[in-house]
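Undergrad: The following block contains the structure, expressed as structure tokens.
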Amino acid sequence: MPDDGRDQIPPALARAVELLREEEVASPAWRAAVLGAVEQGSGSRDADLRPRRFVALRTAIAAGIVCVAAGSAATFAVLRRPGPIETVATAPHNAAQASTLLPVHFSVVAPSAASVSIVGDFNHWSPTALPMKRSADGRTWEIDVKLPEGRYNYAYMVDGQIARDPSAPQTGGDDFGMPNSVLMVRGT
Amino acid sequence: MTRPVTLHVLQGYHSPEMTDAACVQAALAGDGAAFTMLVDRHSPACLRFARRMLGSREDAEDAAQEAFVRAHRALARYDGRTSFRTWLMSILVNRCRTALLQRHRRTKRLVLDEAVLDQAAAVGGDGSDLELRDAIERALAQLEPGQREAFLLKHVEQLTYEEMAEATGAGVSALKMRVQRACDRLQILLKEDRYA
Chain A
358 MPDDGRDQIP PALARAVELL REEEVASPAW RAAVLGAVEQ GSGSRDADLR
408 PRRFVALRTA IAAGIVCVAA GSAATFAVLR RPGPIETVAT APHNAAQAST
458 LLPVHFSVVA PSAASVSIVG DFNHWSPTAL PMKRSADGRT WEIDVKLPEG
508 RYNYAYMVDG QIARDPSAPQ TGGDDFGMPN SVLMVRGT
Chain B
7 MTRPVTLHVL QGYHSPEMTD AACVQAALAG DGAAFTMLVD RHSPACLRFA
57 RRMLGSREDA EDAAQEAFVR AHRALARYDG RTSFRTWLMS ILVNRCRTAL
107 LQRHRRTKRL VLDEAVLDQA AAVGGDGSDL ELRDAIERAL AQLEPGQREA
157 FLLKHVEQLT YEEMAEATGA GVSALKMRVQ RACDRLQILL KEDRYA
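Protein sequences, first through last, are from chains A and B. One point on numbering: in the numbering used here, the residue at position 55 of the first sequence is 412, and numbering is uninterrupted. One point on numbering: in the numbering used here, the residue at position 179 of the second sequence is 185, and numbering is uninterrupted.
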């Protein structure tokens with residue numbers, strides 16, 4: 358399809374567009390960083406791009422709290438689906454008794470990821486505030502956080518990419534076509 | 007008597023005329039230098055788009071780096087249906103959208119870093135160009151991201167609408183409308199800034 362007359366740059370913008378077309382020069386340090394990052398990831402071409410899987414945290418926590426109240430064990434993994442990445446939320450025995458902060462354990466199986474963090478309303482969506490640590494099995498990324506009761510939009514940063522649970526029972530606002538998930542933390 | 011001649015193939019050397027498609031094939035065969043050539047060839051445009059899109063050199067470098075890393079990982083999926091540049095730009099567009107999403111959540115505003123003016127001074131030009139560059143950067147930052155993205159791809163990166171559709175996932179008609187509205191808005195903003 359040929360471009361029509363609307364493709365012409367308005368004369369009033371012509372000089373400004375010329376200035377915008379000036380190229381950005383790549384610094385040697387940036388170039389080295391790019392090539393280093395490419396080299397580092399060369400062993401995982403495409404293997405890292407497998408579909409991700411999460412477990413619905415809200416349901417997991419709710420189930421955990423219910424079972425704690427019944428005197429059962431405190432760790433639960435629910436809504437599992439097949440796939441390379443899974444999330445497990447656990448609530449400790451005293452979760453129901455916590456008055457202000459409820460400890461929540463996040464566990465993400467992402468064997469080929471180089472970095473994973475959790476971002477959400479609770480940390481102002483900072484990708485560096487809550488980095489997850491790779492566990493001894495080399496496949497799982499974990500972190501313990503304490504959250505007040507409430508409703509939180511959240512997501513994961515997996516190698517710099519925001520990822521959410523596609524089957525989460527609730528999703529939050531949709532920004533640039535990338536909706537996030539919603540976590541409900543309740544004491545009882 | 008003719009002396010025997012031994013030809014030595016320089017490992018990792020590629021002719022500057024090597025096409026993007028040939029570089030991709032070589033890179034897929036394990037030739038790291040071929041991908042380096044792609045990085046060198048497309049870095050300036052990628053950094054330019056990301057800088058204009060994000061308004062920050064640091065954010066632009068992060069987005070462009072991530073785009074190259076992801077392109078390398080997904081290289082086997084590049085089918086040659088579009089140009090490598092368009093394919094790479096589609097990855098970069100997504101990285102910039104993600105960066106804007108993160109920034110939107112953190113700060114709810116665009117930040118133009120001081121390096122914009124620093125670089126403007128470094129590349130030369132008279133005083134009016136410096137002021138105009140500053141004005142157009144500020145005007146771009148005030149555009150709705152979709153309009154800014156379409157304007158930059160069309161008039162700065164000079165992609166065709168079909169290439170833009172490949173890179174953004176939007177339809178041609180919608181992209182034309184965004185470019186038109188971006189041009190209208192930029193003229194108004196520059197006029198308010200007394201540059202149009």
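From the three backbone atoms N, C-alpha and C, an ideal C-beta is built for every residue, glycine too.
1) For glutamate 143 (chain B) and alanine 77 (chain B), what's the separation of their Cα atoms in angstroms?
2) Can you tell me where the beta strand (DSSP E) holding lysine 503 (chain A) begins and where it ends?
3) According to DSSP, simplified to helix, strand and coil, what is isoleucine 475 (chain A)?
4) Examine chain A for any beta-carbon lying closer than 8 angstroms to the beta-carbon of glutamine 108 (chain B), and answer yes or no.
5) Using a Cβ-Cβ cutoff of less than 6 angstroms, which residues in the same chain neighbour leucine 159 (chain B) once the five nearest sequence positions on both sides are dropped?
6) Please confirm whether any heavy atom of the ligand PLP lies closer than 7 angstroms to the CB of proline 151 (chain B).
7) What separation, rounded to the nearest whole angstrom, lies between the Cα atoms of methionine 43 (chain B) and aspartate 68 (chain B)?
8) In whole angstroms, what is the alpha-carbon distance linking glutamate 72 (chain B) and methionine 95 (chain B)?
9) Could you give the C-beta distance for leucine 81 (chain B) and valine 30 (chain B), rounded to a whole number, given that I count them as a contact under 8 angstroms?
10) Rounded to a whole number of angstroms, what is the C-alpha to C-alpha distance between proline 505 (chain A) and valine 473 (chain A)?
11) Starting from the Cα of threonine 457 (chain A), find the closest Cα among A:Glu396, A:Lys490, A:Val502 and give me that residue.
12) Look at the alpha carbon of proline 460 (chain A) and the alpha carbon of glycine 393 (chain A), and state the distance between them as a whole number of angstroms.
13) Taking 8 angstroms as the cut-off, decide whether the C-beta atoms of glutamate 381 (chain A) and proline 50 (chain B) are in contact.
14) Taking only three categories from DSSP, how would you classify alanine 512 (chain A)?
15) Output, in sequence order along the chain, the residues in the stretch 178-191 of chain B whose CB is closer than 8 angstroms to any CB in chain A.
16) Alpha carbon to alpha carbon, how far is glycine 175 (chain B) from arginine 91 (chain B)?
TA: According to the data block:
1) 28 angstroms
2) 497-505
3) strand
4) yes
5) Leu165, Met170
6) Although the ligand PLP was asked about, the structure shown includes no ligands whatsoever.
7) 19 angstroms
8) 12 angstroms
9) 6 angstroms
10) 23 angstroms
11) A:Val502
12) 38 angstroms
13) yes
14) strand
15) Val178, Lys182, Val185, Gln186, Cys189
16) 15 angstroms
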